[in-house]
Each structure stands twice: as C-alpha cells, then as structure tokens.
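Colleague:
Protein chains: 2
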Amino acid sequence: MPKLQVASDKSSLTERDWEQAALNTIAHQGVAALAVEALARDLGVTKGSFYWHFANRDALIKAAVMRWEDNDIKTFERSIAMLSDPSSKLRLLFRRTIKEIQSHLIFSALFRSTDHPVVAEVMQRVSERRVSFLTRSYEELGMDSSAAGHRARLTYLSYVGFLQYYQQFKALRMSQQEVSEYIEHVIQSLIPQQHEE
Amino acid sequence: MPKLQVASDKSSLTERDWEQAALNTIAHQGVAALAVEALARDLGVTKGSFYWHFANRDALIKAAVMRWEDNDIKTFERSIAMLSDPSSKLRLLFRRTIKEIQSHLIFSALFRSTDHPVVAEVMQRVSERRVSFLTRSYEELGMDSSAAGHRARLTYLSYVGFLQYYQQFKALRMSQQEVSEYIEHVIQSLIPQQHEE
DNA sequence: TTATGACCATACGCATGCGTATTGACAAAT
DNA sequence: ATTTGTCAATACGCATGCGTATGGTCATAA
Numbered sequence: 001m002p003k004l005q006v007a008s009d010k011s012s013l014t015e016r017d018w019e020q021a022a023l024n025t026i027a028h029q030g031v032a033a034l035a036v037e038a039l040a041r042d043l044g045v046t047k048g049s050f051y052w053h054f055a056n057r058d059a060l061i062k063a064a065v066m067r068w069e070d071n072d073i074k075t076f077e078r079s080i081a082m083l084s085d086p087s088s089k090l091r092l093l094f095r096r097t098i099k100e101i102q103s104h105l106i107f108s109a110l111f112r113s114t115d116h117p118v119v120a121e122v123m124q125r126v127s128e129r130r131v132s133f134l135t136r137s138y139e140e141l142g143m144d145s146s147a148a149g150h151r152a153r154l155t156y157l158s159y160v161g162f163l164q165y166y167q168q169f170k171a172l173r174m175s176q177q178e179v180s181e182y183i184e185h186v187i188q189s190l191i192p193q194q195h196e197e
Numbered sequence: 001m002p003k004l005q006v007a008s009d010k011s012s013l014t015e016r017d018w019e020q021a022a023l024n025t026i027a028h029q030g031v032a033a034l035a036v037e038a039l040a041r042d043l044g045v046t047k048g049s050f051y052w053h054f055a056n057r058d059a060l061i062k063a064a065v066m067r068w069e070d071n072d073i074k075t076f077e078r079s080i081a082m083l084s085d086p087s088s089k090l091r092l093l094f095r096r097t098i099k100e101i102q103s104h105l106i107f108s109a110l111f112r113s114t115d116h117p118v119v120a121e122v123m124q125r126v127s128e129r130r131v132s133f134l135t136r137s138y139e140e141l142g143m144d145s146s147a148a149g150h151r152a153r154l155t156y157l158s159y160v161g162f163l164q165y166y167q168q169f170k171a172l173r174m175s176q177q178e179v180s181e182y183i184e185h186v187i188q189s190l191i192p193q194q195h196e197e
C-alpha cells in the first residue's frame, strides 16, 4: 500500500522533492545544465531512484516548470490582483522585481530556454498573461488601447532585460540602493502620473 | 610558403571562414549549440581540418566573438556616432533595432551565454559602451546625470528584452508593422521631447 | 511470517562531442 | 623533380549523460 509521505519525513523522496531540486538548479544554472545524475547526487541518491519517479528528463522538466507556473499564478492573485487602484498595482508590481528573487531567477532562466517545447509553451502563456494585465492597467489609467498595448510591451520587455542583466552580471556593479533608485525611475518614466488639479 | 588567400578562392578554408560560420550558428542556435563536428559538416569538411586552424573550440569562440565586437564598434562609429543632434542619434539607434537583424541576433545569443568567460567579458564591454553612450545622449538632452543614467539603463534593458522576446517567439505575433509602431512608441516614451516655444 | 509494493543501488549499452595522432593530397618553391 | 608547407580525411581514446535492466532493502499489510 502506498506510503503517506509527511513533510518532515525525509527517509525517502517524492516527485515534489525532485521538482523542487530541479527548479533550484534551473534558477542558478539554466535548463540546459539540468542533468539527472547531478540532481540525484544533490539529493543524496543515484539515478536509479529518479527513473522510478519520472519517465525521463523531459517529464521532470515539464512537471517542474508547470509547478512553477502554477505557483506564479497563485502568488500573483494573492497579492497584486487584489488591489483596486491601477497605479498602485503597477507600482507594487515594479517593486516586486527585486523581491522573491528565486522566482524571478527561474523566470529569467526559463525565458532563455524556449528551445525546449514545454518551456516555450509555458513562457508563451506567462508572457501573454503579464502583458494583458499590464495593458489593462494602462488602459485603466487613461491610455488609449494602442498606446497601452505598446507601453505594456515596453514595460514587460524592460523587465525581461533587467532580469537577464541582473542575473548574469550580479556580482557586478549596481548596489541594492542603486537598484531601488532605478526602479523608482522606471515607475516615474513608465506609469502615467495622475495630475488632479 | 604561405598561400595568399583571395576572397573568391574557396578551394580551402581560412580562419575567417570558420569564424563566420561560427557566428552564424551562434546567431540561430546559441553558443551552447556550437559544435565543431557539426560546423565542419556545414563547411563540407571534417574536424581534422578545424584543429589545424584552431587550438580548440574555445579558441574559435573567442576569435569569432571578438571579430563580432570589432565589427559592432566599427559599424556604430560609421553611422550613429557621426550624427551631432542627440535626439537624432537616439532615434536612429532605436530604429536600428529592426535592421541588420543578424548582428542583433548574435548580440542576443551572446547575452544569453555569459557563462562562458570570454563571452561574459565581451558583453561586459559592449554593455558598458552602449549604456555610456545612452547616458551621454540623455545628458545632452538636458536630463541630470542621475536620471540620464537610469534612463540609459532602462533603454538598454528594454532593448535586451525586446531582442530576446523577438528572437524566441519570432514566427509568432507582431507583424513588421506592429514592430514599427512599437518602436515609435518607445521613442515617444523614452526620449524627452524638446518643446521649443 | 510471509508477501507485496515503494524506493534505491549497481551495472550496462549507447550516443554525442571534444581532442589527438597519423596519414594523405596537392600546390608552390627550389 | 623533389621537397616543403598547407589543408584535410580517418581513426582512435576519453568523458559525459541518457535510459534500461536487474537486484536489493525495508516497512507494512495479510
């Protein structure tokens, strides 16, 4: 009979554990660097165990990436989507860029690995959702549909570029302070200000 | 005695030929996908030839990437640097994003491969040069030093993000027309307008 | 206490890709 | 005509990494 695995019981591994470890590797070294034998080593077992839990490497990637997407959606809906003022939404979203680093690192790594079909599919959906959200927010701030769409793309793509730059040259330049100032500049530059007279 | 190779003489290959082929592969499949045996196949020879021209794979990457950087600098200095009006410089630079696709594809591919030390070094220099140029241009347009720096980063990183998105989902969405409109929106949004009264 | 199912180790086959060693072909110089 | 230097083919060794096959351990259910 199947065993009921409790969180603290680390006597044996579950699919979840493997997916979690996979996401960790992806975050720091990218999808290409994800090797099952290395992963098994990290988890203190051999790959004989891996192939009991998953059919192959691709199945792991798929499961891990979809778990990330799921978590991404839930986190978003528990925070930003609950705000009503569009300007506040955007500001919070922008400032989020430097919090919850792990999730952003995964995002960035996945964005660079769209040669893998499953990853491409997921990043497709993620991009669409985020750009749509941004477009709606800019429309609510009074921009016309066309401008809002372009501004949404500009916003999203500057986010993509920032993460890539920040991740790859991280030991480099730009203190935490500078990053904060940069984000505030972006807020000033991209979010239309409401001058109520 | 060494043979003097003319451009049209394709009876045998030169270092340049290998570097050119390497850059082409990098542009379309990234640095990681660069394999000497596959490259030799593309050039119609075997790898026995490759190791006569280069010590190893890394030497090829280094030579190819540095050739690209060199060409990048020269192209820049032959066009944009020659303009005097900073606003014109920036506009031309932005609109360049959709021309000379090959060079942009290489840029984007290299930016995703900074795990390779030589590539990291080159992209480091390239990034610095471009951000510096943008910063100076924005300052010439009247922005203060701090704002100009941030705006330069925002500009550069949105460029990085755009290329990555455009490359990876290229068959997808966004017609040439849409891209043009997007670029014009970016120009409007990021370049301060001179209202002379 | 025996049997079953969950989890893992060991050992293998196979493909890819780097780098080396050796030999060959062919043009230009002597 | 012979030699020398340039470019390339062939064949090998080696490492990595995927996937499979098979057997072992250990808890729990019967």
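If you read the sequences in order, they're chains A and B. First residue of the first sequence? That's 1 in our numbering, and the numbers climb one at a time after it. First residue of the second sequence? That's 1 in our numbering, and the numbers climb one at a time after it. By construction, the Cβ of each residue, glycine as well, lies at the ideal position given by its N, Cα and C atoms. Just so we're clear, the structure is a prediction, and the values are computed from it rather than from any experiment.
Candidates W52/B, S87/B, L105/B and S88/B: which alpha carbon is nearest T25/B's?
Modeller: Considering only alpha carbons, the answer is L105/B.
Colleague: List the residues of chain B whose Cβ lies closer than 7 angstroms to the Cβ of R153/A, in chain order.
Modeller: Result: Y182.
Colleague: Residues in the same chain with beta-carbon distance under 8 angstroms from A120/A, minus the five sequence neighbours each way, listed in chain order, please.
Modeller: Closer than 8 angstroms at the Cβ level, and outside the excluded window around A120/A, lie T114.
Colleague: Please report the straight-line C-alpha distance between A59/A and V36/A, rounded to a whole angstrom.
Modeller: Using only the alpha carbons, I get a separation of about 11 angstroms.
Colleague: What residue range is occupied by the uninterrupted alpha helix (DSSP H) comprising G149/A?
Modeller: Run containing G149/A: S145 to Q168, per the alpha helix (DSSP H) assignment.
Colleague: So is Q204/B in contact with chain A if we call contact Cβ pairs under 8 angstroms?
Modeller: One cannot answer for residue 204/B here, as it falls past the ends of chain B, which runs 1 to 197.
Colleague: In three-state DSSP terms, what is A120/B?
Modeller: It is helical.
Colleague: What's the gap between the Cα of L45/B and the Cα of M66/A?
Modeller: Looking at the sequence provided, one finds Val at residue 45/B rather than Leu. Computed Cα separation, rounded: 43 angstroms.
Colleague: Quick check on A86/A: does DSSP put it in helix, strand or coil?
Modeller: The sequence given here places Pro at residue 86/A; Ala does not occur at that position. It is helical.
Colleague: Taking F169/A as the query, report the chain B residues whose CB atoms sit under 9 angstroms from its CB, ordered along the chain.
Modeller: Here the neighbours are T114, A120, M123, Q124 and S127.
Colleague: Rounded to whole angstroms, what's the CA-CA distance from V199/A to Q29/B? Just pull it up for me.
Modeller: This structure cannot speak to residue 199/A, because chain A is shown only from 1 to 197.
Colleague: What do you get for E19/B, buried or exposed, if any count of 16 or more other CB atoms within 10 angstroms of its CB means buried?
Modeller: The residue in question, E19/B, is buried, as its Cβ has 16 or more Cβ neighbours within 10 Å.
Colleague: Thinking just about the alpha-carbon of each residue, which of R129/B, D72/B and Q164/B is nearest to the one in G149/B?
Modeller: Of R129/B, D72/B and Q164/B, the residue nearest in Cα terms is R129/B.
Colleague: What is the DSSP secondary structure of F111/A, counted as helix, strand or coil?
Modeller: Helix.
Colleague: So, does the CB of G142/B fall closer than 8 angstroms to a CB anywhere in chain A?
Modeller: It does not: the Cβ of G142/B has no partner Cβ on chain A nearer than 8 angstroms.
Colleague: Could you name each continuous alpha helix (DSSP H) segment of 4 residues or more that falls completely within the stretch 5-65 of chain B, going from the start of the chain to the end?
Modeller: Whole alpha helix (DSSP H) segments, 4+ residues: 15-29, 36-43 and 47-53.
Colleague: What is the rounded straight-line gap between the Cα of L134/B and the Cα of R125/B?
Modeller: Answer to the nearest angstrom: the Cα atoms are 14 angstroms apart.
Colleague: Let me know if E69/B comes out buried or exposed under the rule of 16 or more other beta-carbons within 10 Å of its beta-carbon.
Modeller: With 16 or more other Cβ atoms within 10 Å, it is buried.
Colleague: Report the rounded CA-to-CA distance for L235/A versus S12/B, giving the unit in angstroms.
Modeller: This structure leaves residue 235/A out entirely; chain A is present only between 1 and 197.
Colleague: Is the Cβ-Cβ distance between K89/B and L83/B less than 8 angstroms?
Modeller: Cβ distance < 8 angstroms, so K89/B and L83/B count as in contact.
Colleague: Can you give the Cα-Cα distance for S145/B and S175/A, rounded to whole angstroms?
Modeller: Cα to Cα, S145/B sits roughly 17 angstroms from S175/A.
Colleague: Pull up the distance between the alpha-carbon of K3/A and that of D17/A, whole angstroms please.
Modeller: With a pLDDT of 36 at K3/A, under the threshold of 50, the modelled position of that residue is not reliable, and no figure is offered here.
Colleague: Round the Cβ separation of A27/A and A109/A to the nearest angstrom and send it over; I've been treating them as touching at under 8 angstroms.
Modeller: Right, the Cβ-Cβ distance comes to about 6 angstroms (below 8 angstroms), so this counts as a contact.
Colleague: When you compare the CB of H104/B with every CB in chain A, is at least one pair closer than 8 angstroms?
Modeller: By this cut-off, H104/B is not an interface position.
Colleague: Less than 8 angstroms between the CB atoms is what I'm expecting for Y165/A and V160/B, so what's the real figure, rounded?
Modeller: The Cβ separation is near 6 angstroms, so the contact holds.
Colleague: To the nearest angstrom, how far is the alpha carbon of L43/A from that of L93/A?
Modeller: Rounded to the nearest angstrom, the two C-alpha atoms are 34 angstroms apart.
Colleague: Would you say R95/A and I191/A are within 8 angstroms of each other, going by their C-beta atoms?
Modeller: No, Cβ-Cβ distance for R95/A and I191/A is not below 8 angstroms.
Colleague: Is the CB of Y138/A under 8 angstroms away from at least one CB in chain B?
Modeller: Y138/A does not count as touching chain B.
Colleague: Looking at chain B, is there any beta carbon in it that lies within less than 8 angstroms of the beta carbon of S175/A?
Modeller: Taking Cβ atoms only, chain B never reaches closer than 8 angstroms to S175/A, which makes this a no.
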